[in-house]
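These notes concern the structure reproduced below.
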Ligand SMILES: Cc1ncc(COP(=O)(O)O)c(C=O)c1O
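Residue numbers (our numbering): 116 to 512.
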């Protein structure tokens with residue numbers, strides 16, 4: 116039995132002792148399972164999506180300053196106004212849409228809480244939510260906890276492109292929400308202007324809400340532009356844009372993000388937000404407000420991560436893996452059929468135990484765990500870590 120199945124089984128068994136689970140099919144996440152196994156075998160960990168290098172010391176000093184200056188009590192429920200203001204300016208500058216800092220932007224505990232809150236505020240029992248697979252794992256539990264029904268559109272390897280004709284067929288009179296994610300975790304693809312225009316045209320005659328997960332908005336390569344939903348008037352008027360400072364400033368552990376949406380949607384969002392968390396870490400918000408004023412702190416990120424992507428891909432040139440360079444995010448998919456026909460989770464486990472390298476099997480993001488013969492590697496790592504990982508990958512036969 117594969118170790119991943121074993122961990123899943125023990126979790127399921129445990130939940131049967133505590134009665135009727137609200138999420139009977141939710142298992143230990145693949146990230147926890149792989150992370151634990153990687154630690155046990157002291158493997159190089161390219162599985163989870165976080166940097167293994169430090170954030171900017173300036174940002175840390177700003178947090179310290181905020182604490183020393185007494186910003187240690189509750190922040191306003193919607194978030195520190197100065198931070199909402201600078202976010203509003205940033206979105207207007209980059210995407211040309213003006214969000215009111217007062218009424219249309221809320222600071223959240225990472226993008227995860229923004230996503231959970233938007234879903235909880237709008238999804239009733241029986242509502243359908245279109246989820247494009249492979250998908251990040253926090254959408255579906257939030258939909259199910261609220262009695263919603265995820266409706267899947269499974270994309271295909273190796274391009275993972277959305278067929279808008281198929282997408283349109285998923286819409287019914289029960290569709291309440293659509294979730295998109297660009298740049299996309301795990302495939303590393305991005306939605307183009309044309310994609311967004313097609314989505315805008317399809318949703319035009321409906322009242323469907325769009326949840327646009329844009330946590331990798333500043334990690335996009337080869338001169339491409341991030342096509343935020345806020346750029347498209349017919350989308351902006353129905354969209355929750357969810358973003359993460361954790362991804363942008365190498366501080367995933369601070370769990371801070373934000374959500375921008377039109378006033379009527381945001382008013383409902385805040386009804387849930389104020390009773391779920393009320394407000395978010397105050398000194399970090401103060402620090403972010405100052406740090407975000409300098410655009411070079413986020414505009415340089417594309418280049419920074421593109422160099423890491425290229426360094427990693429250059430390192431595995433002589434390996435047997437096949438790949439298309441990631442277009443965005445800090446993930447690279449590698450297709451392994453020239454090496455083996457094993458299932459991806461079996462290979463991922465073997466790579467940890469036998470070769471000391473951890474990655475994420477893509478099947479865990481797909482409908483019915485479909486195997487695409489792909490592993491996901493995170494290149495938000497120090498040069499020496501990427502070098503060691505590349506060497507292992509090149510030596511696999
Ligand atoms: C696509 C996607 N959405 C949301 C999140 C969660 O972001 P945060 O850590 O800010 O909650 C992640 C984190 O990996 C992600 O990859």
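The beta-carbon is built from N, C-alpha and C at its ideal position, and this holds for glycine as well. In this text the structure is predicted, and so the values were computed from the model without any measurement.
* **Segment limits, alpha helix (DSSP H) that includes residue 183** => 172-183
* Since I believe residue 487 is in contact with residue 475 (beta carbons under 8 Å), could you give me their beta-carbon distance rounded to a whole number of angstroms? => At roughly 12 Å, the Cβ-Cβ gap does not stay under 8 Å, so residue 475 and residue 487 are not in contact.
* **Pick from 235, 473, 379 that is closest to residue 492, judged by C-alpha positions** => 473
* Asked: For the beta strand (DSSP E) that contains residue 265, what are its first and last residues?
  -> 264-269
* Mind reading off the beta-carbon distance from residue 170 to residue 365? Whole number of angstroms is fine, and I expect it under 8 Å. => 4 Å
* Collapsed DSSP secondary structure at residue 116 in the structure displayed -> Caution applies to residue 116, whose pLDDT of 48 falls short of 50 and renders its modelled position unreliable; the value that the coordinates give is listed next. Residue 116 falls in the coil class under three-state DSSP.
* Asked: Taking C-alpha atoms, which residue in 330, 332, 315 lies nearest to residue 324?
  -> 315
* **Own chain, CB closer than 8 Å to residue 322, minus 5 neighbours either side, in chain order** => 353
* **Neighbour-count burial assignment, residue 162, 16 or more Cβ in a 10 Å radius** => buried
* Kindly indicate the opening and closing residues of the alpha helix (DSSP H) around residue 421. => 416-430
* Is the beta carbon of residue 362 sitting closer than 8 Å to the one on residue 399? -> no
* Less than 8 Å separating the beta-carbons of residue 489 and residue 448? -> yes
* Any 3 or more C-beta pairs closer than 8 Å across the stretch 214-231 and the stretch 383-403 -> yes
* Would you grab the beta carbon distance between residue 328 and residue 295 for me? Rounded to a whole angstrom, and I think it's under 8 Å. => 7 Å
* **Residues near residue 332 by beta carbon distance below 8 Å, same chain, minus five either side** => 298, 341, 343, 358, 363
* With burial defined as no fewer than 16 other Cβ atoms inside 10 Å of the residue's Cβ, what is the status of residue 304: buried or exposed? -> buried
* To do: Return yes when at least one heavy atom of ligand 1 lies under 7 Å from the C-beta of residue 303, else no.
  => no
* Span of the alpha helix (DSSP H) holding residue 223? -> Not the alpha helix (DSSP H): residue 223 falls in the beta strand (DSSP E), residues 220-223.
* To do: Kindly list the residues whose CB is nearer than 7 Å to the CB of residue 524, restricted to its own chain and excluding five residues on each side of it in sequence; keep chain order.
  => A question about residue 524 goes unanswered here, because the residues of the chain that appear run from 116 up to 512.
* In the structure shown, what three-state DSSP assignment does residue 348 receive? -> helix
* Asked: Alpha carbon to alpha carbon, how far is residue 436 from residue 350?
  -> 38 Å
* Looking at residue 206 and residue 513, is the spacing between their C-beta atoms short of 8 Å? -> With the chain running from 116 to 512 in the structure shown, residue 513 is simply not present.
* **Assigned secondary structure, residue 253 (DSSP; H/G/I helix, E/B strand, else coil)** => coil
* Could you give the DSSP three-state label for residue 293: helix, strand or coil? => strand
* Can you tell me the Cα-Cα spacing of residue 445 and residue 306, whole angstroms? -> 16 Å
* Please confirm whether any heavy atom of ligand 1 lies closer than 7 Å to the CB of residue 370. => yes
* residue 389 by DSSP, collapsed to three states: which one? -> helix
* Say the cut is 7 Å; is the CB of residue 359 nearer than that to a heavy atom of ligand 1? -> yes
* State the start and end residues of the unbroken beta strand (DSSP E) segment that holds residue 215. => Counting along the chain, residue 215 falls outside any beta strand (DSSP E), and DSSP gives it neither H nor E.
* To do: From the DSSP output, read off the bridge partner residues of residue 447.
  => 492
* Asked: What number of angstroms, rounded off, separates the C-alpha of residue 283 from the C-alpha of residue 210?
  -> 26 Å
* Asked: Going by the C-beta, is residue 226 closer than 7 Å to any heavy atom of ligand 1?
  -> yes
* Is the Cβ-Cβ distance between residue 360 and residue 368 less than 8 Å? -> no
* **Endpoints, beta strand (DSSP E) assigned at residue 366** => Counting along the chain, residue 366 falls outside any beta strand (DSSP E), and DSSP gives it neither H nor E.
* Asked: How about residue 212 and residue 424: do their beta carbons lie closer than 8 Å?
  -> no
* State buried or exposed for residue 292, treating a residue as buried only when at least 16 other CB atoms are found within 10 Å of its CB. => buried
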